Amino acid sequence: MVTTHDHICWGGGVHHHGGHNLTVSGLRVSYRDVEALRDISFSTHCGHTLALMGPNGAGKSTLIHALAGFVQAQAGTMLWNGQDLLHTRHEIAFVPQRSAVDWQFPITVRQLVEMGRYPTLGIWKRVSEHDKHIVNKALETLQLGDLQHRRIGELSGGQQQRAFLARALAQEAHILLLDEPFTGLDVPGMQSLGQQLRQLADEGRLIIASHHNLNNAAELFDQTLLLNKETIAFGATADVLCPEHLHRAFGFSPAATTHL
Numbered sequence: 190m191v192t193t194h195d196h197i198c199w200g201g202g203v204h205h206h207g208g209h210n211l212t213v214s215g216l217r218v219s220y221r222d223v224e225a226l227r228d229i230s231f232s233t234h235c236g237h238t239l240a241l242m243g244p245n246g247a248g249k250s251t252l253i254h255a256l257a258g259f260v261q262a263q264a265g266t267m268l269w270n271g272q273d274l275l276h277t278r279h280e281i282a283f284v285p286q287r288s289a290v291d292w293q294f295p296i297t298v299r300q301l302v303e304m305g306r307y308p309t310l311g312i313w314k315r316v317s318e319h320d321k322h323i324v325n326k327a328l329e330t331l332q333l334g335d336l337q338h339r340r341i342g343e344l345s346g347g348q349q350q351r352a353f354l355a356r357a358l359a360q361e362a363h364i365l366l367l368d369e370p371f372t373g374l375d376v377p378g379m380q381s382l383g384q385q386l387r388q389l390a391d392e393g394r395l396i397i398a399s400h401h402n403l404n405n406a407a408e409l410f411d412q413t414l415l416l417n418k419e420t421i422a423f424g425a426t427a428d429v430l431c432p433e434h435l436h437r438a439f440g441f442s443p444a445a446t447t448h449l
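Here the numbering used here is used: the sequence shown runs in plain steps of one and ends on residue 449.
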């Protein structure tokens, strides 16, 4: 396992040391006249699994989309190693909600994972031996080798999530952004995916995911940003999800079994 300041680069087979910090400060996002986020601030780095939590409409998905560059912020900064996050797009991979994917699209698991290499391919979009090596390693890491020629629509929910994670790994991204990755998974599927996300973070990546289940948040994520359009609390998950902070976020203290 590498330290929280290392990152494994599959392409070069080396560790990069120092930094790999994500700092968000004073972020504000609006949709026309509707304010979705205001004054969102936090700082984290590779090696962590970070949950974005809050009530419905709190801005969790909006924050994911802002970090991914899908929506424009009206104020604030998002810095990755001191540079504007939007200038380092190749270091960020987005894993969509399963409900947002057309699972009937005729593509195999391997073809999906190969899409992670597209940003690095030349004008002729030819997959080199190096690209094949990266794709094979991504499939192996997510235990998808035996499923690589299967259509994505034939997979279970957990396998579908792993396939999109493998695409993100093939991109060699440092930051993995996931929108509600555990939704619709059974308990074994959630446990398996949680272990894999922890392993990816231990290898030196930063995992950021919107999440809604208070009951298992501390098992799945070591950090949590609790928000309700603005930052309520940020830090270790067990410290953030305390009655005082939950009351500020929801107006009441949800029961332990509440799904947000």
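All C-beta atoms, glycine included, are put in the ideal place defined by N, C-alpha and C.
Here the structure is a predicted model, which is why all the values come from computation and not from measurement.
Inter-residue Cα distance where the pair is residue i and residue j
i      : j      : result
Glu361 : Ala327 : 9 Å
Leu403 : Leu430 : 8 Å
Asn270 : Leu211 : 7 Å
Pro370 : Glu318 : 31 Å
Thr266 : Val260 : 14 Å
Arg340 : Arg287 : 15 Å
Pro432 : His363 : 33 Å
Ile296 : Val376 : 27 Å
Ile397 : His254 : 11 Å
Asp320 : Asp368 : 27 Å
His338 : Gly347 : 17 Å
Gly215 : Ser230 : 6 Å
Val290 : Arg351 : 14 Å
His434 : Met242 : 11 Å
Inter-residue CB distance, residue i and residue j (contact presumed, cutoff 8 Å)
i      : j      : result
Leu239 : Lys418 : Not really, about 18 Å apart at Cβ, beyond 8 Å.
Ala264 : Arg217 : 4 Å
Start-to-end residues for the beta strand (DSSP E) that takes in residue i
i      : result
Arg227 : 223-234
Val284 : 281-284
Asn210 : 210-220
Leu367 : 364-367
Boundaries of the alpha helix (DSSP H) in which residue i is found, first to last residue
i      : result
Asn404 : Where Asn404 is concerned, there is no enclosing alpha helix (DSSP H), given that its DSSP letter is neither H nor E.
Met379 : 376-391
Leu241 : It is not in any alpha helix (DSSP H) - Leu241 instead sits in the beta strand (DSSP E) that spans 238-242.
Ile296 : Looking at the DSSP string, Ile296 is not in any alpha helix (DSSP H), and its letter there is neither H nor E.
Cross-strand partners of residue i (DSSP beta bridge)
i      : result
Thr420 : Leu416
C-beta neighbour in chain B for residue i, strict 9 Å
i      : result
Lys418 : Looking for chain B here will not work: only one protein chain is present.
Mind the definition here: the region 412-428 touches the region 266-277 only if three or more C-beta pairs lie below 8 Å; say whether that holds. Note that the region 412-428 does not touch the region 266-277; fewer than 3 beta-carbon pairs, one per stretch, sit closer than 8 Å.
At least three beta-carbon pairs within less than 8 Å, the region 294-306 to the region 377-385: At 8 Å Cβ cutoff, the stretches do not touch.
contact_flag[the region 229-244, the region 385-398] where n(CB pairs < 8 Å) is 3 or more: The region 229-244 makes contact with the region 385-398: 3 or more CB pairs, one atom from each, lie closer than 8 Å.
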